[in-house]
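**Q** Offset between the sequence shown (1-based) and our numbering: plus 19. Here a beta-carbon is modelled for each residue, glycine too, at the ideal position from N, C-alpha and C. Note that the coordinates shown come from a computational prediction; the quantities given were computed from them, not determined experimentally. Sharing a structure with you now.
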Amino acid sequence: MKRKLLVAGNWKMHGSLKFVDGMMQELNDMLPAQRNYDVAVFPVYIHLHQVINNKPAQVLCGAQNLSEHDDGAVTGEVSAAMLSDLGCDMVLVGHSERRVMNNESNAEVAKKFAQALKYGIQPILCVGESSVERQSNQTFDVVWAQIKAVIDEVGVEKLGQGVIAYEPVWAIGTGETATAEQAQEVHQFIRSQLALNDDTIARRIRILYGGSCKGSNAHELFSMPDVDGGLIGGAALTAQDFMAICQQADILSQGV
Numbered sequence: 020m021k022r023k024l025l026v027a028g029n030w031k032m033h034g035s036l037k038f039v040d041g042m043m044q045e046l047n048d049m050l051p052a053q054r055n056y057d058v059a060v061f062p063v064y065i066h067l068h069q070v071i072n073n074k075p076a077q078v079l080c081g082a083q084n085l086s087e088h089d090d091g092a093v094t095g096e097v098s099a100a101m102l103s104d105l106g107c108d109m110v111l112v113g114h115s116e117r118r119v120m121n122n123e124s125n126a127e128v129a130k131k132f133a134q135a136l137k138y139g140i141q142p143i144l145c146v147g148e149s150s151v152e153r154q155s156n157q158t159f160d161v162v163w164a165q166i167k168a169v170i171d172e173v174g175v176e177k178l179g180q181g182v183i184a185y186e187p188v189w190a191i192g193t194g195e196t197a198t199a200e201q202a203q204e205v206h207q208f209i210r211s212q213l214a215l216n217d218d219t220i221a222r223r224i225r226i227l228y229g230g231s232c233k234g235s236n237a238h239e240l241f242s243m244p245d246v247d248g249g250l251i252g253g254a255a256l257t258a259q260d261f262m263a264i265c266q267q268a269d270i271l272s273q274g275v
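Here you go:
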């Protein structure tokens, strides 16, 4: 089964009104209207409305996080219902920076995944191991525990309505990148484990690579049989760098 590549740019806590205007204009100018791969951007909450109103046609807009609650006295949080009302297409759940800095547990991330689906937003479940965990040969155990928590919460069929992003924590913002073979090894593991639950979903679900992906290595990474695109960090902050990755996705998606 040939899965459509997805290039997703996570802007993290970067940007301004001027930055968003510039990025949207450049993407409008540079992205082909017809393409066989998907593109998404994930700005901070306060820029979501601006992106949604100015993004190129067919570019998806996502949020970087959401609350596990429907509503209530949870100051500073944003609900899935609010994101849906705004017009968000996607949302990140369980990004490693939130797992580490905000102590988000696997169970909490699973509840956020469920909330996104409840309101018609496609969640991207971020999973990955730290350098210590990799050195201790715990990569597969850690990654599967993160995925299994979501399966336990919503079931494998609903997991299949989302996207998975494997982001080795040791390669995020460090300039260090997993080799294409290292990425493929973990992606293949994820897909093989899912196949034990539901082979159709295992073959259908998109698994992205996140971790210092850029124009110079995107082609090699995206060429791997179980790598279906990238969750891009630093290289998503300039249109030129982001487009260099999109161009590799375009080359690989020809004929889809």
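Please state if the CB of R118 and the CB of V182 are separated by a distance shorter than 7 angstroms.
**A** What you label residue 182 is simply residue 163 of the sequence shown in a count that begins at 1. What you label residue 118 is simply residue 99 of the sequence shown in a count that begins at 1. Contact flag unset, no.
**Q** Is M109 helix, strand or coil by DSSP?
**A** If you number the sequence shown from 1, residue 109 lands on position 90. Reduced to three states, the DSSP call for M109 is strand.
**Q** Would you mind giving the Cβ-Cβ distance between I143 and L250, rounded to the nearest angstrom? I have them listed as a contact below 8 angstroms.
**A** Your numbering for residue 143 matches position 124 in the sequence shown. Your numbering for residue 250 matches position 231 in the sequence shown. Going by Cβ atoms, the distance from I143 to L250 rounds to 7 angstroms, so yes, they are a contact pair.
**Q** Tell me the residue span of the beta strand (DSSP E) that contains L144.
**A** Numbered from its first residue, the sequence shown carries residue 144 at position 125. From DSSP, the beta strand (DSSP E) with L144 extends over 141-146.
**Q** Name the two residues that bound the continuous beta strand (DSSP E) containing C80.
**A** Here the question's residue 80 lines up with position 61 in the sequence shown. 79-82 is the extent of the beta strand (DSSP E) around C80.
**Q** Since V26 is in the beta strand (DSSP E), which residue starts that stretch and which ends it?
**A** Sequence index remark: in the sequence shown, residue 26 carries index 7 (1-based). Unbroken beta strand (DSSP E) run through V26: 25-29.
**Q** Using only the alpha-carbon positions, how far apart do G34 and L215 sit?
**A** Taking the sequence shown and counting its residues from 1, the one referred to as residue 34 is at position 15. Taking the sequence shown and counting its residues from 1, the one referred to as residue 215 is at position 196. Looking at the two C-alpha atoms, the distance is approximately 42 angstroms.
**Q** Assuming contact is defined by CB atoms lying nearer than 7 angstroms, are G106 and I65 in contact in what I supplied?
**A** Position 87 of the sequence shown, counting from 1, holds the residue named residue 106. Position 46 of the sequence shown, counting from 1, holds the residue named residue 65. No, the pair does not count as a contact, with Cβ atoms beyond the cut-off.
**Q** Is G253 helix, strand or coil by DSSP?
**A** Translated into the one-based positions of the sequence shown, residue 253 becomes position 234. Correct three-state label for G253: helix.
**Q** Using the rule of at least 16 other Cβ atoms within 10 Å of the residue's Cβ for burial, across every protein chain shown, is R153 buried or exposed?
**A** Reading the sequence shown from its first residue, position 134 is the one you call residue 153. With 16 or more other Cβ atoms within 10 Å, it is buried.
**Q** Where does V182 sit, in a helix, a strand or coil, going by DSSP?
**A** Taking the first residue of the sequence shown as 1, we reach residue 182 at position 163. Here V182 sits in strand by DSSP.
**Q** Just the C-alpha distance for D260 and E204, rounded to the nearest angstrom, thanks.
**A** As a position in the sequence shown, residue 260 is number 241, starting the count at 1. As a position in the sequence shown, residue 204 is number 185, starting the count at 1. In a straight line, the C-alpha of D260 is about 26 angstroms away from that of E204.
**Q** Fully enclosed by the region 146-175, which alpha helix (DSSP H) runs are 4 residues long or longer?
**A** Inside the region 146-175, DSSP marks whole alpha helix (DSSP H) runs of 4 or more residues at positions 150-154, 158-173, from first to last along the chain.
**Q** What residue ranges within the region 194-246 form continuous alpha helix (DSSP H) runs of no fewer than 4 residues, ordered along the chain?
**A** 199-216, 218-223, 234-241
**Q** Determine which residues share a DSSP beta bridge with A133 and list them.
**A** Residue mapping note: residue 133 aligns to position 114 of the sequence shown, counting from 1. According to DSSP, A133 bridges with nothing at all.
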